[in-house]
Amino acid sequence: MQEVVLPLELGRATGSGPSRRLRLQGKVPATVYGLGKEAVTASVDYRELRGALSTEAGLNVVLNLDVGGEHEMALVKEMQRNPLRGDVTHVDFLRVEPDSDVAVEVPIHLTGQASAVLDINGIVERSLDTLRVLAKPRAIPNELVLDVSDLTVGDTLTVADLELPPGVTSLVDESAPVVSGIITRSALEAAAEAEAEAEAEAEADGDGEETAEDDAGASD
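Those letters in the sequence shown? Residues 40 to 259, per our numbering, in order.
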C-alpha cells in the first residue's frame with residue numbers, strides 16, 4: 040500500500056476557543072500518539088487531510104506524517120465530526136511500525152445479485168459492514184469482497200466465506216454472519232394472500248363445473 044505524505048503544523052493551542060479559530064482558518068486540530076512516545080498536539084490543513092483520505096484505502100490509508108520535519112508512519116485512529124454539518128472537528132493519528140501488526144476495520148463490499156432472494160421480494164440483510172482484522176500497515180486491504188450471487192432465502196454467509204489476503208487475520212469469529220437471505224413479513228403476507236386467492240378461484244371453478252353437470256343431468 041502506498042504511503043501518503045501529510046504535513047502537520049506543531050504548536051497549536053488547546054481548548055475550544057483556539058480549536059474553533061483553527062477551523063475557521065481551514066485547519067483541523069490533531070493529536071499524534073502511540074508507540075510509547077509522547078503525544079503531540081498539531082493541526083492539519085483540511086483540504087490536505089481530505090485529499091489524503093480520498094484514496095481507495097479510505098480511512099485505512101498509511102500516512103507518512105511530516106511532524107516538524109520528522110516523518111512518522113501513522114493511521115487515522117479516530118475522526119470526530121460536527122453532528123449537524125458533518126465537518127471534521129478533530130483527528131487522532133496513531134503511530135505504527137511497518138513490521139508490527141495493527142488492528143483496523145476493513146469495509147466489506149458485496150458483489151453479485153442474490154436473484155433467488157430478490158425475485159420473491161426477499162431482502163439481503165447485512166450483519167457486518169466491516170471486519171476487524173490484524174495486519175501490518177502496508178498489508179491492510181482496501182476492502183474485502185463477498186459474492187452473494189448464490190445466496191438463497193434462509194441461507195447465511197459468514198466470516199468464514201470471506202477470502203482474506205495473505206498476512207491478514209480476522210479478529211471476528213468465523214461463524215459470525217455477514218449477510219443473510221430473508222423473506223419479509225409483508226412478502227410472506229402477500230404470498231399467503233396470493234395462495235388464498237388461487238385456492239378460492241380453484242374452488243369456484245370446481246363449483247361451476249359441478250353445477251353445469253347437475254344442470255345437464257336434470258335436462259336429461
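Glycine included, every Cβ here is placed at the ideal spot set by N, Cα and C.
Exercise. Do you know how far the Cα of R86 is from the Cα of N103?
Worked result: Using only the alpha carbons, I get a separation of about 16 Å.
Problem set entry | Alpha carbon of V163 to alpha carbon of V217, nearest angstrom | Rounded to the nearest angstrom, the gap between the Cα atoms of V163 and V217 is 10 Å.
Problem set entry | S29 classed as buried or exposed, judged by whether at least 16 other C-beta atoms fall within 10 angstroms | Outside the displayed span of the chain (40 to 259) sits residue 29, for which this structure offers no information.
For this session: Taking only the alpha-carbon atoms, compute the straight-line gap between E202 and V156 and give it to the nearest angstrom.
Result: Taking the straight line joining both Cα atoms gives about 23 Å.
Problem set entry | Selection from Q41, V127 and K66 that minimises the alpha carbon distance to L49 | Selection Q41, V127 and K66 evaluated against L49 yields K66 as nearest (Cα-Cα).
Exercise. Count the other CB atoms within 10 Å of the CB of A91; is the residue buried (16 or more) or exposed (fewer)?
Worked result: A residue is called buried when at least 16 other Cβ atoms come within 10 angstroms of its Cβ; A91 meets this threshold and is buried.
For this session: Decide yes or no for the touch test of the region 94–111 against the region 176–185: beta carbon pairs closer than 8 Å, at least 3 of them.
Result: The count of Cβ pairs closer than 8 Å, one atom from the region 94–111 and one from the region 176–185, reaches three, so the stretches are in contact.
For this session: Tell me whether the beta-carbon of M118 lies closer than 8 Å to the beta-carbon of V106.
Result: Here M118 is not near V106, since their CB atoms are 8 Å or more apart.
For this session: In the DSSP assignment, find the unbroken alpha helix (DSSP H) run with G56 in it and report its ends.
Result: Per DSSP, the continuous alpha helix (DSSP H) segment holding G56 begins and ends at S55 to L63.
For this session: Indicate the three-state DSSP secondary structure (helix, strand or coil) for P176 in the structure shown.
Result: P176: helix per DSSP, three-state reduction.
For this session: Would you decide whether E242 is buried or exposed? Buried here means 16 or more other CB atoms lie within 10 Å of its CB.
Result: With fewer than 16 Cβ atoms within 10 Å of its Cβ, E242 is classed as exposed.
Problem set entry | Per DSSP, cross-strand counterpart(s) of N184 | A small fix is needed here, since residue 184 is Val in this sequence, not Asn. Partner(s): H148.
Problem set entry | Straight-line Cα distance separating D140 from D84 | Straight-line measurement puts the Cα of D140 at about 29 Å from the Cα of D84.
Exercise. What residues in its chain sit with their C-beta under 6 Å from that of H129, if we drop five residues either side in the sequence?
Worked result: P68 and Q119.
Problem set entry | In chain order, each alpha helix (DSSP H) run of at least 4 residues that lies wholly inside the region 93–158 | Within the region 93–158, the complete alpha helix (DSSP H) runs of at least 4 residues are 154–157.
Exercise. With DSSP run on the structure shown, which of helix, strand or coil describes E87?
Worked result: Helix, per DSSP.
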